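Colleague:
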Amino acid sequence: MSLKKLVILPIALLVLLHSVLAIGVGIGVIGNVTPTNSPPMICMDPDSRLFDAGGPLAVPRVNNYAFEGESIEWDVLVREPDGIIDIREVGVTVGPTQGVGQPIEVNCFVAPVQPAGVIGWCNDGTGSVTYNAATDVLYTCILAVETSNSMHGQYWVQAEVTDQSGQQDAMDEAEYWFF
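With our numbering, the residue at position 175 of the sequence shown is 888, and numbering never jumps.
#1: From what residue to what residue does the beta strand (DSSP E) around methionine 757 run?
#2: Which word fits tyrosine 852, buried or exposed, when buried means at least 16 other C-beta atoms lie within 10 angstroms of its C-beta?
#3: How many angstroms separate the CA atom of phenylalanine 891 from the CA atom of glycine 814?
#4: Output the distance between the C-alpha atoms of valine 823 and asparagine 862, rounded to the nearest integer angstrom.
#5: Put aspartate 788 into one of helix, strand or coil per three-state DSSP.
#6: Sorted by chain position, which residues of the same chain lie with C-beta nearer than 7 Å to histidine 865's C-beta, five sequence neighbours on each side aside?
#7: May I have the straight-line CA-CA distance separating valine 874 from valine 803, to the nearest angstrom?
#8: According to DSSP, glutamine 881 sits in a beta bridge with which residue or residues?
#9: Any contact between the stretch 747-758 and the stretch 831-846? By contact I mean 3 or more CB pairs, one from each, below 8 Å.
#10: Are valine 805 and valine 850 touching if we call contact CB-CB under 7 Å?
#11: Report the partner residues of isoleucine 817 according to the DSSP bridge assignment.
#12: Going along the chain, which residues of its own chain have a beta-carbon closer than 6 Å to the beta-carbon of asparagine 750, five neighbours each way excluded?
#13: Would you list the one or two residues that DSSP bridges to asparagine 836?
#14: Would you mind sorting proline 753 into buried or exposed? The rule is 16 or more other CB atoms within 10 Å of its CB.
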């Protein structure tokens, strides 16, 4: 046998043996992987509620009444376990009862600065939330009080989130306001 055949034969055997082992070793995929459809969660930063009467400075609001032309501002954190791309709408609802399903009065917008680290004011049921840019977004909501013809009386005001599949959540910190 020539030297050339002695060198090529072991290399060819290694290449063939490698493919045989790759095909013959291992197990198949067990079960089906199904995407989850988890509901979103929303919570309000209690230190972010501001009141603006049209002056140069917005101040923290301690009472739940507002007059025509005044506005109330909140920061809310939305957690969507399926990813922030699954968030369809975040808005403020005004209605006679608490909970999801009230008409949205104003849409919220993504806050220009997102938080970092632990968010102590938001609890997902397991304790404080650690901000994750893939699942969490901070929104700012501003509700301007309309004329007494369209907005007069006492109402529950809360932020609400809806995901792409229609699942909703309203913040636990619903507030009863007099306009």
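Note that CB positions come from ideal geometry on N, CA and C, so glycine has one too. None of the values given here were measured: they were computed from a predicted structure.
Modeller: Let me lay it out:
#1: Looking at the DSSP string, the run of the beta strand (DSSP E) that includes methionine 757 is 754-757.
#2: Buried, by the Cβ-count rule.
#3: Cα-Cα distance, rounded: 20 Å.
#4: Taking the Cα positions, valine 823 is about 30 Å away from asparagine 862.
#5: Here aspartate 788 sits in strand by DSSP.
#6: Counting only Cβ-Cβ distances below 7 Å, and skipping sequence neighbours, we find Phe892.
#7: A direct Cα-Cα distance of roughly 4 Å separates valine 874 from valine 803.
#8: In DSSP, glutamine 881 forms a bridge with Thr875.
#9: Between the stretch 747-758 and the stretch 831-846 there are three or more C-beta pairs closer than 8 Å, enough to call the two in contact.
#10: No. Outside cutoff.
#11: Isoleucine 817 is bridged to Thr806.
#12: Correct list, in chain order: Ser878.
#13: DSSP lists Ser841 as partners of asparagine 836.
#14: That one is buried.
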